[in-house]
Amino acid sequence: MNPKKGRVFSGARPTGRQHLGNYLGAMKNYVALQQDYEAVYCVVDLHALTTLDTTQNLKSNTLDMVLDWLAAGMDPQKAIIFIQSHVPQVTELHTILSMVTQLGKLTDLPTFKEKVRQQPHNVNYGLVGYPVLMASDIVLYKADTVPVGVDQAPHIEFTREIVRSFNFRYNTTVLIEPQMKVTEFPKVLGIDGQQKMGKSLDNHIEMAATQEETQKRVMMMVTDPQRQRKSDPGNPDVCNVFTMHKIFSHPEEVASINKECRNAGIGCVDCKKIFAKNLNEKLMPFRDKRAEFEKNSDQVWDILSDGSRRARVIAEETMIEVRAAIGLP
Ligand code: SF4
């Protein structure tokens, strides 16, 4: 067995059924990393509380997301998969790390300012402490590696600052400064072809959608905006359908579409039909596996329960060291 390269941590809010953007931007990477690293993957339900108006769907959204994770290949034999709130040590560490974090720095963060703009009616205390809770998640499990996109790099740098503050204040080396594993995530645009794929914009394609739903969403995709009719030559370089073809279609088909689009040999309707067919074929094994897990959702809760138990063991080991380093009685 290959020795593991280190421990990787990543968390995701329970947002329910995942879409292609989630898959290409995170889940695919989670599956790859669990081969080489000790992987710790968390449903960050406490983080979700900072922005949710209602918690009514929290449980079902957790189940739906984890069903997608498991169906995509995240493997409880290789990774610890669990729920943030099932490991209470994270809230203890959050409180402790809050004491070594300056309030001004938190309120100056662009992410905090953005949230204030988005929800002026609910600028809660949790929003301010969000990056501290995130840091707590990472360092509680002594993760040395965090996979991030370039835009998330400042969050990890902030975690590293908090760790340095703690270690300096208590003259210890207990907490580990995590390293970023910057990954080139493809920018996945939604069916509007303009903005990043996301549920809130309703421009997404769900992984677990039926074949018919998938086809319907694909047929709504915006193509080359300059192309008005089939007889106009198109430009695949500015077309999101073509970008998706490059990810999900066979290279020969991609080459053919590239050529035929430019000389008006193929229309956008036909092009999208081909993409929908290819996408449905690619997603078929995922959907079958998901349906199997869904039939037996108790098994999914058992996986999460076992993951939380394993996570608590690591968390308590860290907290024993943290409490001792501080000198808590
Ligand atoms: Fe895009 Fe395909 Fe239409 Fe070309 S033919 S503009 S690649 S949808």
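Following the working numbering, the numbering of the sequence shown begins with 1132 at its first residue and continues without gaps.
The beta-carbon is built from N, C-alpha and C at its ideal position, and this holds for glycine as well.
query: Does ligand 1 have a heavy atom nearer than 7 Å to the CB of Ile-1388?
result: In the sequence shown, residue 1388 corresponds to position 257, counting from 1. Ile-1388 Cβ: within cutoff of ligand 1.
- prompt: When we look at the beta-carbon of Phe-1373 and count the other beta-carbons within 10 Å, is it buried (16 or more) or exposed?
  reply: As a working note, residue 1373 is residue 242 in the sequence shown. Its Cβ being crowded by 16 or more others within 10 Å, Phe-1373 is buried.
- prompt: Cβ of Gly-1204 versus every heavy atom of ligand 1: is any distance shorter than 7 Å?
  reply: The residue labelled residue 1204 in the question sits at position 73 within the sequence shown. Outside the cutoff, so no.
- prompt: Helix, strand or coil for Cys-1399 per DSSP?
  reply: By 1-based counting over the sequence shown, the position of residue 1399 is 268. If DSSP states are grouped into helix, strand and coil, Cys-1399 belongs with the helices.
- request: Consider the C-beta atom of Ile-1378 and the heavy atoms of ligand 1; say whether any pair is separated by less than 7 Å.
  value: In the sequence shown, residue 1378 corresponds to position 247, counting from 1. No, the beta carbon of Ile-1378 sits no closer than 7 Å to any heavy atom of ligand 1.
message: Suppose contacts are defined by Cβ-Cβ distances below 8 Å. Is Ala-1339 in contact with Arg-1421 by that definition?
response: On the sequence shown, position 208 is the one that residue 1339 refers to. On the sequence shown, position 290 is the one that residue 1421 refers to. Contact check for Ala-1339 against Arg-1421 passes: the beta carbons are separated by less than 8 Å.
message: I need the boundaries of the beta strand (DSSP E) containing Ile-1269, first residue and last residue.
response: Reading the sequence shown from its first residue, position 138 is the one you call residue 1269. Looking at the DSSP string, Ile-1269 is not in any beta strand (DSSP E); the run it does join, the alpha helix (DSSP H), is 1256–1271.
query: What residue does the beta strand (DSSP E) around Gln-1310 start on, and which one ends it?
result: Here the question's residue 1310 lines up with position 179 in the sequence shown. Looking at the DSSP string, the run of the beta strand (DSSP E) that includes Gln-1310 is 1310–1313.
Residues of its chain near Val-1281, where Cβ-Cβ distance is below 7 Å and the 5 sequence neighbours each way are ignored: Taking the sequence shown and counting its residues from 1, the one referred to as residue 1281 is at position 150. Contacts found: Val-1313.
query: Is Ser-1331 buried or exposed, if buried means 16 or more other CB atoms sit within 10 Å of its CB?
result: Along the sequence shown, one-based indexing puts residue 1331 at 200. Flag for Ser-1331 reads exposed.
query: Could you give the C-beta distance for Pro-1278 and Leu-1164, rounded to a whole number, given that I count them as a contact under 8 Å?
result: Stepping through the sequence shown from its first residue, residue 1278 is reached at position 147. Stepping through the sequence shown from its first residue, residue 1164 is reached at position 33. The pair is a contact, with the Cβ atoms about 6 Å apart (cut-off 8 Å).
Met-1132 versus Leu-1414: straight-line alpha-carbon distance, rounded: Counting from one through the sequence shown, the residue named residue 1132 turns up at place 1. Counting from one through the sequence shown, the residue named residue 1414 turns up at place 283. Residue placement at Met-1132 cannot be trusted, given a pLDDT of 49 that sits under 50; what the coordinates show is reported in the next sentence. Computed Cα separation, rounded: 31 Å.
field: Distance cut-off 7 Å: Val-1349 Cβ against heavy atoms of ligand 1
entry: Translated into the one-based positions of the sequence shown, residue 1349 becomes position 218. Result no, Cβ not under 7 Å from ligand 1.
- prompt: If you measure from the CB of Asp-1167, is any heavy atom of ligand 1 nearer than 7 Å?
  reply: Numbered from its first residue, the sequence shown carries residue 1167 at position 36. Flag unset: Cβ of Asp-1167 not near ligand 1.
query: So which of His-1252, Glu-1288, His-1217, Gln-1250 has the shortest CA-CA distance to Lys-1236?
result: One-based indexing of the sequence shown puts residue 1236 at position 105. Sorting His-1252, Glu-1288, His-1217, Gln-1250 by C-alpha distance to the C-alpha of Lys-1236 places Glu-1288 at the top.
message: Given a cut-off of 8 Å on the beta-carbon distance, is the pair Phe-1297 and Leu-1228 in contact?
response: Position 166 of the sequence shown, counted from the first residue, corresponds to residue 1297. Position 97 of the sequence shown, counted from the first residue, corresponds to residue 1228. Yes, the pair counts as a contact, with Cβ atoms nearer than the cut-off.
field: Rounded Cβ spacing between Ile-1269 and Thr-1290 (contact assumed at less than 8 Å)
entry: By one-based count along the sequence shown, residue 1269 stands at place 138. By one-based count along the sequence shown, residue 1290 stands at place 159. Ile-1269 to Thr-1290, Cβ: 5 Å. Contact.
message: For Pro-1356, tell me which candidate among Asp-1368, Gln-1346, Thr-1345 has the shortest Cα-Cα distance.
response: Here residue 1356 is taken as the residue at index 225 of the sequence shown, counted from 1. For Pro-1356, the nearest C-alpha among the options comes from Asp-1368.
message: To the nearest angstrom, how far is the alpha carbon of Glu-1337 from that of Gln-1325?
response: Along the sequence shown, read from residue 1 onward, the residue named residue 1337 stands at position 206. Along the sequence shown, read from residue 1 onward, the residue named residue 1325 stands at position 194. Answer to the nearest angstrom: the Cα atoms are 18 Å apart.
- request: Decide if the segment 1196–1212 is in contact with the segment 1139–1151; the criterion is three or more beta carbon pairs, one per stretch, under 8 Å apart.
  value: yes
query: Can at least three beta-carbon pairs, one atom from the segment 1376–1387 and one from the segment 1347–1364, be found at a separation below 8 Å?
result: no
task: Using only alpha-carbon positions, find the residue among Pro-1134, Gly-1204, Leu-1189, Val-1175 that is nearest to Asn-1160.
output: In the sequence shown, residue 1160 corresponds to position 29, counting from 1. It is Gly-1204 whose Cα lies nearest to the Cα of Asn-1160.
- request: Mind the definition here: the segment 1181–1188 touches the segment 1254–1267 only if three or more C-beta pairs lie below 8 Å; say whether that holds.
  value: yes
message: Quick check: is any heavy atom of ligand 1 less than 7 Å from the C-beta of Phe-1373?
response: Within the sequence shown, numbered from 1, the residue matching residue 1373 stands at position 242. The answer is yes for Phe-1373.
Residue interval of the alpha helix (DSSP H) (run including Cys-1482): Residue 1482 cannot be examined here, being either before or after the span of the chain that is shown, 1132 to 1460.
- prompt: If you draw a straight line from the alpha carbon of Thr-1354 to that of Cys-1399, how long is it in whole angstroms?
  reply: Residue numbering aside, residue 1354 sits at position 223 when the sequence shown is read from its first letter. Residue numbering aside, residue 1399 sits at position 268 when the sequence shown is read from its first letter. Their Cα atoms are separated by approximately 7 Å.
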